[in-house]
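Undergrad: Under this note's numbering, the residues of the sequence shown are numbered 738 to 877, in order.
Even glycine gets a Cβ: it sits at the ideal position worked out from N, Cα and C.
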Amino acid sequence: RLAAAGLLLVKYKAGIDNEAPWVNPDLPFQKMTGHQWIEVKLQNERKCLDNLRMSPDNLLHLIDILLGFGLKGTRETGSLECLGIYVWTCAHNQATRRSRDRFERSLDTVSRKMSHVAEVMCRWAHSVLVPADNSYAGVN
738 RLAAAGLLLV KYKAGIDNEA PWVNPDLPFQ KMTGHQWIEV KLQNERKCLD NLRMSPDNLL
798 HLIDILLGFG LKGTRETGSL ECLGIYVWTC AHNQATRRSR DRFERSLDTV SRKMSHVAEV
858 MCRWAHSVLV PADNSYAGVN
């Protein structure tokens, strides 16, 4: 019996070695761009809450506020996608490499957009977080 099992294992190994390598099949759809991904999430409140930790209305309200504090997009990456990269990365405590994969952007682009939105968020925070007592010079 042991010899038969050994022979079966040898035949199985030989069969595996002769098989053609498995190649990942093509996807039935193209990969979504970061902008497309954000737009899809905005269409479904539950998915928006799960992925961006805020409702579509709140995200759109936030972008309206931040546009007044200098949030800018480019031809390639709009302001909505910039904010989406920032919010998704912060909401899920992810690294820029994961954001690169999620939004189909280079590490440089993700890093620059994260820095830009962080600066805008700080400007906004300075206007919102003001001391209640006017005798304080500023917020520490």
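Alpha carbon to alpha carbon, what distance is there between Gly-771 and Ala-862?
TA: Approximately 26 Å, taken between the alpha carbons.
Undergrad: The alpha helix (DSSP H) with Met-791 in it runs from where to where?
TA: Segment: none, Met-791 is in no alpha helix (DSSP H) and carries neither H nor E.
Undergrad: Measuring only the C-alpha atoms, how far is Met-851 from Leu-746?
TA: About 54 Å.
Undergrad: Do you know how far the Cα of Glu-841 is from the Cα of Leu-799?
TA: C-alpha separation (whole angstroms): 23 Å.
Undergrad: Taking the straight line between their C-alpha atoms, what separation do you get for Arg-849 and Leu-779?
TA: Whole-angstrom Cα-Cα distance: 24 Å.
Undergrad: With a threshold of 16 other CB atoms inside 10 Å of the CB of Thr-811, please say whether the residue is buried or exposed.
TA: Exposed.
Undergrad: So, is Glu-818 buried or exposed, given that buried needs 16 or more other C-beta atoms within 10 angstroms?
TA: By the 10 Å Cβ count, Glu-818 comes out buried.
Undergrad: Assign Gly-807 to one of three DSSP states: helix, strand, or coil.
TA: Of the three classes helix, strand and coil, the one that applies to Gly-807 here is coil, per DSSP.
Undergrad: Roughly how many angstroms separate the alpha carbons of Lys-809 and Ala-855, rounded to a whole number?
TA: Near 12 Å, if we compare the C-alpha coordinates of Ala-855 and Lys-809.
Undergrad: Work out the CA separation of Arg-839 and Met-791 for me, nearest whole Å.
TA: Distance between the alpha carbons of Met-791 and Arg-839: 18 Å.
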